[in-house]
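>
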Amino acid sequence: MIIFISGGVRSGKSSLAEQCAKKIAEAGDSLHYIATAVRTDEEMEARIIHHQQQRKYDRWQTWEQPYDLDQIIPIFSNRHIVLLDCLTNLWANELFRDERWHIEEKAPRIVQQIKKLGDQAKACIVVSNEIFYDGIPHEQGTYAYMRGLGLLHQHIVSFSDVAMLMRYGLPIVKKGRWPCGAE
Amino acid sequence: MHFVSGGAFQGKRKWVNAYYSLTHTPHVWHCAYEQPFSFPNGHEHATIVVLEGIEQWIREYFFPYTTREKEAIMSYMYAWERWEKEGRRTVIWIGCDISQGIVPIDAHERAWRDVVGWTYQQLARICNRVDYIWCGMHEQIK
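As they're listed, the protein sequences go chains A and B.
Read left to right, the first sequence gives residues 7 to 189 (the working numbering).
Read left to right, the second sequence gives residues 1158 to 1299 (the working numbering).
Here is the structure:
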């Protein structure tokens, strides 16, 4: 199962995603958190600590994987609920890892990885950001980044069971059923 | 007329192509990112016309976005509306939503954003259908 959650900055995406994961988890299931942030500055460090502390009291296991999801995919099975937070970091890390910025090669690879995660785990929850409402950027790197992220969003939503847009802490269900695709 | 909007890179073009089956339906596609929009005359034999990149078209041809330019934008849109009514025709407008970012410091950028929002409101009013695309999915808002 794949659940896609997107929204603006500080809209409550991460906490909705965590709530969602706990709701899906049954006795014996474990919760896994794929952290994608690279520690770059103090603000980022503080943000990471904030998220870590929020998860501390629950039974989350954290995997720091800023890129190459392939390396950890084999770990997961249908007793695992996987939360990927967030796609925007992962995409930036992958796209700008080398000088090539090759969208056509890199975006489909991530799409396949997420599909695989969704097939293998009980549920894969993907968190991303809405950054598409400021026009088309002129700067080449930003253009490549946004176009690629837009493509990722479209592809992931096309095979997601649930797609939600978060606004001010309120989930707007765009596809499937909330909570978490329960029939 | 049909107005299709949504954020950048959300699949607006793809959706219009699929919705109107354009791969096997004759149509004329004008893209403001590549060439200026053209006028309805010369489209006597067309039945579907797509005008993509409204915000870009405005940016290039309607500076400094005063009342005079707004009137020109309006009369251009009405010309296409008349063209549509002359036969069994459809005009599809595609415009990128640029209204939800940070208010730009630069006065020109701000004025552009403003006139684009104004134009979209006019379009939404005169079109009989409006769709908003998010992640390739459409939501009919009119």
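In this text, a Cβ means the ideal position worked out from N, Cα and C, and glycines have one as well.
Between which residues of its own chain and GLY1164 (chain B) is the CB-CB distance below 6 Å, once the five residues before and five after are set aside?
Within the second sequence, numbered from 1, the residue matching residue 1164 (chain B) stands at position 7. Correct list, in chain order: ASP1254.
> Taking just the CA atoms, how far does SER166 (chain A) sit from GLY187 (chain A)?
For this step, residue 187 (chain A) is matched to residue 181 along the first sequence. For this step, residue 166 (chain A) is matched to residue 160 along the first sequence. Any reading at GLY187 (chain A) needs caution, since the residue's pLDDT is 44, under 50, leaving its predicted position unreliable; the model's value is listed next. Approximately 10 Å, taken between the alpha carbons.
> Suppose contacts are defined by Cβ-Cβ distances below 8 Å. Is PRO72 (chain A) in contact with THR42 (chain A) by that definition?
Locating residue 72 (chain A) in the first sequence gives position 66, where the first residue counts as 1. Locating residue 42 (chain A) in the first sequence gives position 36, where the first residue counts as 1. The answer is yes: Cβ separation under 8 Å.
> Where TRP1240 (chain B) and LEU1179 (chain B) are concerned, what is the direct C-alpha to C-alpha distance, given to the nearest angstrom?
Residue 1240 (chain B) sits at position 83 when you count from the first residue of the second sequence. Residue 1179 (chain B) sits at position 22 when you count from the first residue of the second sequence. Going by the C-alpha atoms only, they are around 20 Å apart.
> Pick from B:VAL1185, B:HIS1295 and B:TYR1176: whose alpha carbon is nearest that of GLU1209 (chain B)?
Within the second sequence, the letter at position 52 stands for residue 1209 (chain B). With distances taken between Cα atoms, GLU1209 (chain B) lies closest to B:VAL1185.
> Residues of the region 76-89 of chain A in Cβ contact with chain B at a cutoff of 7 Å, in chain order, please.
Within the region 76-89 of chain A, no residue qualifies.
> Flag this pair as touching only if the region 1227-1237 of chain B and the region 151-166 of chain A have three or more C-beta atom pairs under 8 Å; answer yes or no.
The region 1227-1237 of chain B is not in contact with the region 151-166 of chain A.
> Does any residue of chain B bring its CB to less than 8 Å from the CB of ARG53 (chain A)?
Sequence index remark: in the first sequence, residue 53 (chain A) carries index 47 (1-based). Chain B contact via Cβ: absent.
> Please state the DSSP three-state secondary structure of SER21 (chain A).
Numbered from 1 along the first sequence, position 15 holds the residue referred to as residue 21 (chain A). SER21 (chain A): helix per DSSP, three-state reduction.
> How many angstroms separate the CA atom of PHE1301 (chain B) from the CA atom of ILE1259 (chain B)?
No information on residue 1301 (chain B) is available, as it lies outside the stretch 1158 to 1299 that chain B covers here.
> With DSSP run on the structure shown, which of helix, strand or coil describes SER1252 (chain B)?
Here residue 1252 (chain B) corresponds to residue number 95 of the second sequence, with the count starting at 1. It is worth fixing the name first, because residue 1252 (chain B) is Gly in this sequence and not Ser. Reduced to three states, the DSSP call for GLY1252 (chain B) is strand.
> Go ahead and label GLN1167 (chain B) buried or exposed: buried means 16 or more other beta carbons lie within 10 angstroms of its beta carbon, across all protein chains shown.
On the second sequence, position 10 is the one that residue 1167 (chain B) refers to. So GLN1167 (chain B) counts as buried.
> Determine, for VAL168 (chain A), whether the minimum Cβ-Cβ distance to residues of chain B falls below 8 Å.
The residue you call residue 168 (chain A) lines up with position 162 of the first sequence. Not closer than 8 Å to any Cβ of chain B, the Cβ of VAL168 (chain A) fails to qualify, so no.
> Give me the chain B residues within the contact set of TYR174 (chain A), using Cβ-Cβ distance strictly less than 7 Å, ordered along the chain.
Residue mapping note: residue 174 (chain A) aligns to position 168 of the first sequence, counting from 1. Per Cβ cutoff of 7 Å: no residues; TYR174 (chain A) is ~14 Å from chain B at best.
> In whole angstroms, what is the alpha-carbon distance linking GLU1238 (chain B) and GLN1279 (chain B)?
Residue 1238 (chain B) sits at position 81 when you count from the first residue of the second sequence. Residue 1279 (chain B) sits at position 122 when you count from the first residue of the second sequence. Whole-angstrom Cα-Cα distance: 12 Å.
> At least one CB of chain B closer than 8 Å to the CB of VAL179 (chain A): is that the case?
Numbered from its first residue, the first sequence carries residue 179 (chain A) at position 173. It does not: the Cβ of VAL179 (chain A) has no partner Cβ on chain B nearer than 8 Å.
> Taking buried to mean at least 16 other C-beta atoms within 10 Å of its own C-beta, is ILE95 (chain A) buried or exposed?
What you label residue 95 (chain A) is simply residue 89 of the first sequence in a count that begins at 1. The sequence as given places Asn at residue 95 (chain A); Ile does not occur at that position. Burial call: buried.
> Taking only beta-carbon positions, decide if TRP1291 (chain B) is within less than 8 Å of chain A.
Residue 1291 (chain B) sits at position 134 when you count from the first residue of the second sequence. True, the Cβ-Cβ gap to chain A drops below 8 Å.
> Near TRP1275 (chain B), what residues of its chain come up, given a Cβ to Cβ distance below 8 Å and the 5 sequence neighbours on each side ignored?
Working through the second sequence from its first residue, we reach residue 1275 (chain B) at position 118. Only LYS1227 meet the Cβ criterion.
> Reducing DSSP to helix, strand and coil, say where VAL168 (chain A) ends up.
By 1-based counting over the first sequence, the position of residue 168 (chain A) is 162. Here VAL168 (chain A) sits in strand by DSSP.
> For GLY182 (chain A) and PHE10 (chain A), what's the separation of their Cα atoms in angstroms?
As a first step, residue 182 (chain A) must be located in the first sequence, where it is residue number 176. As a first step, residue 10 (chain A) must be located in the first sequence, where it is residue number 4. Taking the straight line joining both Cα atoms gives about 10 Å.
> Who are the neighbours of GLN1167 (chain B) on chain A, taking C-beta pairs under 8 Å?
Reading the second sequence from its first residue, position 10 is the one you call residue 1167 (chain B). Residues of chain A passing the Cβ test: PHE138, GLY156, HIS159 and GLN160.
> Taking only beta-carbon atoms, is ASP1263 (chain B) less than 8 Å away from chain A?
In the second sequence, counting from the first residue as 1, residue 1263 (chain B) sits at position 106. So no, ASP1263 (chain B) is outside the interface.
> Tell me which residue opens and which closes the alpha helix (DSSP H) that LYS112 (chain A) is part of.
Along the first sequence, one-based indexing puts residue 112 (chain A) at 106. Where LYS112 (chain A) is concerned, the enclosing alpha helix (DSSP H) stretches over 109-126.
> Skipping 5 residues on each side, what residues in its chain have a beta carbon closer than 8 Å to that of GLU189 (chain A)?
Position 183 of the first sequence, counted from the first residue, corresponds to residue 189 (chain A). Its pLDDT being 39, under 50, GLU189 (chain A) is placed unreliably by the model, and the measurement read from it follows with that caveat. Once the five neighbours on either side are set aside, the close Cβ partners of GLU189 (chain A) are ARG183.
> Could you name the residues of chain B that SER164 (chain A) contacts, counting a contact when the two beta carbons are closer than 9 Å?
Taking the first sequence and counting its residues from 1, the one referred to as residue 164 (chain A) is at position 158. Residues of chain B passing the Cβ test: CYS1292, GLY1293 and MET1294.
> May I have a chain-ordered list of the beta strand (DSSP E) segments no shorter than 3 residues that lie completely inside the region 1205-1275 of chain B?
Those beta strand (DSSP E) runs which fall completely within the region 1205-1275 of chain B and span 3+ residues are 1205-1209 and 1247-1253.
> Terminal residues of the continuous alpha helix (DSSP H) containing TYR1176 (chain B)?
Numbered from its first residue, the second sequence carries residue 1176 (chain B) at position 19. First-last of the alpha helix (DSSP H) with TYR1176 (chain B): 1169-1176.
> Can you check whether the C-beta of GLY1244 (chain B) is within less than 8 Å of a C-beta belonging to chain A?
As a position in the second sequence, residue 1244 (chain B) is number 87, starting the count at 1. Not closer than 8 Å to any Cβ of chain A, the Cβ of GLY1244 (chain B) fails to qualify, so no.
> Taking Cβ-Cβ distances shorter than 9 Å, what residues in chain B pair up with ARG153 (chain A)?
Numbered from 1 along the first sequence, position 147 holds the residue referred to as residue 153 (chain A). ALA1165 and PHE1166, listed in chain order.
> If we count the other Cβ atoms within 10 Å of its Cβ and call it buried at 16 or more, is GLY1252 (chain B) buried or exposed?
Residue mapping note: residue 1252 (chain B) aligns to position 95 of the second sequence, counting from 1. GLY1252 (chain B) comes out buried.
> Indicate whether ARG85 (chain A) and GLY18 (chain A) have their beta-carbon atoms separated by less than 8 Å.
If you number the first sequence from 1, residue 85 (chain A) lands on position 79. If you number the first sequence from 1, residue 18 (chain A) lands on position 12. For ARG85 (chain A) and GLY18 (chain A), no; Cβs fall outside 8 Å.
> Beta carbon of HIS38 (chain A), beta carbon of LEU89 (chain A): below 8 Å?
Within the first sequence, numbered from 1, the residue matching residue 38 (chain A) stands at position 32. Within the first sequence, numbered from 1, the residue matching residue 89 (chain A) stands at position 83. Yes; because the gap between Cβ atoms is below 8 Å, this pair is in contact.
> For the region 103-123 of chain A and the region 51-70 of chain A, state whether three or more C-beta atom pairs, one from each stretch, are separated by less than 8 Å.
Because the criterion of three Cβ pairs below 8 Å is not met, the region 103-123 of chain A and the region 51-70 of chain A do not touch.
> Out of curiosity, what's the CA-to-CA distance linking ASP91 (chain A) and TRP1172 (chain B)?
Here the question's residue 91 (chain A) lines up with position 85 in the first sequence. Here the question's residue 1172 (chain B) lines up with position 15 in the second sequence. Between ASP91 (chain A) and TRP1172 (chain B), the C-alpha separation is close to 28 Å.
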